[in-house]
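The next block holds one structure in the form of structure tokens; read it before the comments.
What follows is the structure in structure tokens.
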């Protein structure tokens, strides 16, 4: 089972990571030279030329960052809860967009690579939460 210290540091690390994702989206030199004026009418912009990021993404990543940092500061219990909740959230998010991409007929490699960050992130979160947990005795 993952130690309390590892859970708290992991939650803190994910908090910093998600905060960085939000900040990177607002650095014009990393976003094709775009500034807020050049964003589309609905506020979406290409992040590092790879990912279309919109206001909902910024809010989601920002709230993830806030919750992870708070959880890490409170306790290992809250860190485990944050890793569990967001691990499953990002896993479901990736699954929905993978299936949607395939249904829409988007190129398979494009769909997989586009969703890979959420697949990897959710896998790490859930691995931290569930590694070494005996079936029937798992608790948050």
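In this note's numbering, the protein residues as written are 299 to 438. Heads up, the beta-carbon is just placed ideally off N, CA and C, and yes, glycines get one too.
Check, Outcome
"Using a 10 Å radius around the Cβ and a threshold of 16 neighbouring Cβ atoms, would you call residue 400 buried or exposed?", "exposed"
"Quick check on DSSP: helix, strand or coil for residue 407?", "helix"
"Specify the secondary structure class of residue 336 as computed by DSSP and reduced to three states.", "Note that residue 336 scores 49 on pLDDT, short of 50, meaning its location in the model is unreliable and no value can be drawn from it."
"Can you tell me whether residue 349 is helix, strand or coil according to DSSP?", "strand"
"Closest to residue 348 by CA distance: which of 421, 427, 413 is it?", "413"
"Around the C-beta of residue 274, are 16 or more other C-beta atoms found within 10 angstroms, so that it is buried, or is it exposed?", "Residue 274 lies beyond the range of the chain shown here (299 to 438); nothing can be said about it."
"Count Cβ pairs between the stretch 405-420 and the stretch 359-379 that sit closer than 8 Å; are there 3 or more?", "no"
"List the DSSP bridge partners of residue 343.", "351"
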